[in-house]
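Asks: Residue numbers (the numbering used here): 178 to 361. All residues carry an ideal CB built from backbone N, CA and C; glycine is no exception. The structure presented is a predicted model; accordingly, all values stated were derived computationally and were not measured.
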Amino acid sequence: MNSAPTLPSDGLRRIRRLAHSVRALSVAGAVTVLSLALLFWTHPERVARHATGDWGLKAVQLDPASLAGGFAASMLPGGVALWALWQLWSLFGCYAHGELLTPRPAAYLRRLGLALIALAAAMPLGHTLTVLALTWGNPPGQRVFWFGLSSQHYLSLMFGLMLLALATVLAEAARVARENAEFV
178 MNSAPTLPSD
188 GLRRIRRLAH
198 SVRALSVAGA
208 VTVLSLALLF
218 WTHPERVARH
228 ATGDWGLKAV
238 QLDPASLAGG
248 FAASMLPGGV
258 ALWALWQLWS
268 LFGCYAHGEL
278 LTPRPAAYLR
288 RLGLALIALA
298 AAMPLGHTLT
308 VLALTWGNPP
318 GQRVFWFGLS
328 SQHYLSLMFG
338 LMLLALATVL
348 AEAARVAREN
358 AEFV
């Protein structure tokens, strides 16, 4: 049941303006995730510079199979990021239509939280698989298995958990609002 928002019109107008901005940024983020991945993995010299410079790898394979494997591995966190952006876009679509205290925004917020938790796992796993893809063709002893965690992964996990809690609160608020609307 979609009940009319109880916000003053200027408050709803601000929410709608913010919602349109966030939705535009979500689309821009999705385009950026896909574009940067394609731009990076289609330029072997850039991959080599990054792998040897930033990741400290001694030798990498830049044949088409290794590059395709690296691209696929990098799209593990990329795909999760796209899913998170889709949930964000959908959540703010509800807000843009004035749907505030209903189950749908709570469900999108919950899925966004789950996406951030999944991203916390996908980022280090994607990096590990990328390094393996680029060094798998090296001679034995020169293949690299790398796994690391950073504060970025921890923050993604914590923000995901926070959004899950907020989604639970929002779902409960929507339930109470629905019950209150039934009394009138």
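Would you identify the three-state DSSP class for LEU311, choosing helix, strand or coil?
Replies: Taking the sequence shown and counting its residues from 1, one reaches residue 311 at position 134. If DSSP states are grouped into helix, strand and coil, LEU311 belongs with the helices.
Asks: Could you name the residues of the same chain whose beta carbon sits closer than 6 Å to that of ALA351, not counting the 5 residues immediately before and after it, in chain order?
Replies: Against the sequence shown, residue 351 aligns to sequence position 174. Same-chain partners within the cutoff: LEU278, THR279, PRO280 and ALA283.
Asks: Hey, would you say PRO254 sits closer than 8 Å to LEU239, going by beta carbons?
Replies: What you label residue 254 is simply residue 77 of the sequence shown in a count that begins at 1. What you label residue 239 is simply residue 62 of the sequence shown in a count that begins at 1. Their beta carbons are not under 8 Å apart, which means PRO254 does not touch LEU239 by this criterion.
Asks: If you drop the 5 nearest sequence neighbours on each side, which residues of the same chain put their C-beta closer than 7 Å to that of VAL321?
Replies: In the sequence shown, residue 321 corresponds to position 144, counting from 1. Closer than 7 Å at Cβ, skipping near neighbours: LEU234, VAL308 and THR312.
Asks: Specify, as a first and last residue, the run of the alpha helix (DSSP H) that VAL208 falls within.
Replies: Here residue 208 is taken as the residue at index 31 of the sequence shown, counted from 1. Per DSSP, the continuous alpha helix (DSSP H) segment holding VAL208 begins and ends at 186 to 218.
Asks: Please go through the same chain and pick out, in chain order, the residues whose beta-carbon is closer than 8 Å to the beta-carbon of ILE294, but skip the five residues on each side of it.
Replies: Taking the first residue of the sequence shown as position 1, residue 294 is located at position 117. The answer, listed in chain order, is SER333, LEU334, GLY337, LEU338 and LEU341.
Asks: Taking the alpha-carbon positions, what's the LEU256 to PHE248 distance?
Replies: Indexing the sequence shown from 1 puts residue 256 at position 79. Indexing the sequence shown from 1 puts residue 248 at position 71. Note on identity: in this sequence residue 256 is Gly, with Leu being the wrong assignment. Between the alpha carbons of GLY256 and PHE248 lies a distance of about 11 Å.
Asks: Just the C-alpha distance for ARG226 and CYS271, rounded to the nearest angstrom, thanks.
Replies: Residue mapping note: residue 226 aligns to position 49 of the sequence shown, counting from 1. Residue mapping note: residue 271 aligns to position 94 of the sequence shown, counting from 1. Between ARG226 and CYS271, the C-alpha separation is close to 43 Å.
Asks: What does the Cβ neighbour count give for ARG200, buried or exposed, with the cut at 16 atoms within 10 Å?
Replies: The residue you call residue 200 lines up with position 23 of the sequence shown. When all chains shown are included, ARG200 counts as buried.
Asks: Closer than 8 Å is the cut-off here; do at least three beta carbon pairs connect the segment 285 to 304 with the segment 207 to 221?
Replies: Result no; under three Cβ-Cβ pairs closer than 8 Å.
Asks: Could you tell me which of LEU302, LEU343 and GLU359 sits nearest to TRP323, measuring between CA atoms?
Replies: By one-based count along the sequence shown, residue 323 stands at place 146. Nearest C-alpha to TRP323: LEU302.
Asks: Report buried or exposed for ALA205, applying the criterion of at least 16 other Cβ atoms within 10 angstroms of its Cβ.
Replies: Mapped onto the sequence shown, residue 205 falls at position 28. When all chains shown are included, ALA205 counts as exposed.
Asks: Which two residues bound the contiguous alpha helix (DSSP H) that contains PHE360?
Replies: Taking the first residue of the sequence shown as position 1, residue 360 is located at position 183. Residue range 328 to 360 is occupied by the alpha helix (DSSP H) that includes PHE360.
Asks: I need the boundaries of the alpha helix (DSSP H) containing ARG226, first residue and last residue.
Replies: Numbered from 1 along the sequence shown, position 49 holds the residue referred to as residue 226. Element bounds for ARG226: 221 to 230.
Asks: Please list, in chain order, all residues of the same chain as PRO182 whose beta carbon is under 7 Å from its beta carbon, the five residues on each side excluded.
Replies: The count along the sequence shown starts at 1 and reaches residue 182 at position 5. With a pLDDT of only 46 at PRO182, under 50, the local geometry of the prediction cannot be trusted, and the value read off the model is given with reservation. For PRO182, where only same-chain residues beyond five positions count, the Cβ hits under 7 Å are LEU189, GLY275 and LEU277.
Asks: Using C-beta distances below 8 Å, list every residue in its chain close to LEU291, excluding the 5 sequence neighbours before and after it, in chain order.
Replies: Position 114 of the sequence shown, counting from 1, holds the residue named residue 291. Taken in chain order, the residues that qualify are GLY337 and LEU341.
Asks: How far does the alpha helix (DSSP H) with PRO254 in it extend, from its first residue to its last?
Replies: As a working mapping, residue 254 is identified with position 77 in the sequence shown. Here the alpha helix (DSSP H) through PRO254 covers 241 to 273.
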